[in-house]
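*Asks:* In my numbering, the protein residues as written are 224 to 322.
The beta carbon of each residue, even a glycine, is placed where N, CA and C say it ideally should be.
Note that the structure is predicted; figures quoted are calculated from it, not measured.
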């Protein structure tokens, strides 16, 4: 299964005005989860976006400031996981999710 390309490092200066970045790593034990689906849900639980993890388990979303839920659907028989995050404009939020 192919995943997304590894994510290049991003700085605060690279964030579009008025937006935020929610990014992170999905892992199982010590191993990254490649090719897993990561969903971004808004504060009301509504689906907003979905990406596939890279070969190193990385993902990234550009989003508006606010409260978000990051939900992982890893496949391969693994149970999913999720994390909640609150971010302000111009922030980079790092999320690690174990599945």
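1. Looking at residue 297: is its Cβ nearer than 8 angstroms to the Cβ of residue 256?
2. Which value, in whole angstroms, describes the spacing of the CA atoms of residue 317 and residue 258?
3. Count the other C-beta atoms from every protein chain shown that fall within 10 angstroms of the C-beta of residue 277, then say buried if there are 16 or more, exposed otherwise.
4. Going by C-alpha to C-alpha distance, which of 254, 245, 282 sits closest to residue 307?
5. Answer yes or no: do residue 300 and residue 322 have a C-beta to C-beta separation smaller than 8 angstroms?
*Replies:* If we stick to the structure as given:
1. yes
2. C-alpha separation (whole angstroms): 19 angstroms.
3. buried
4. 245
5. no
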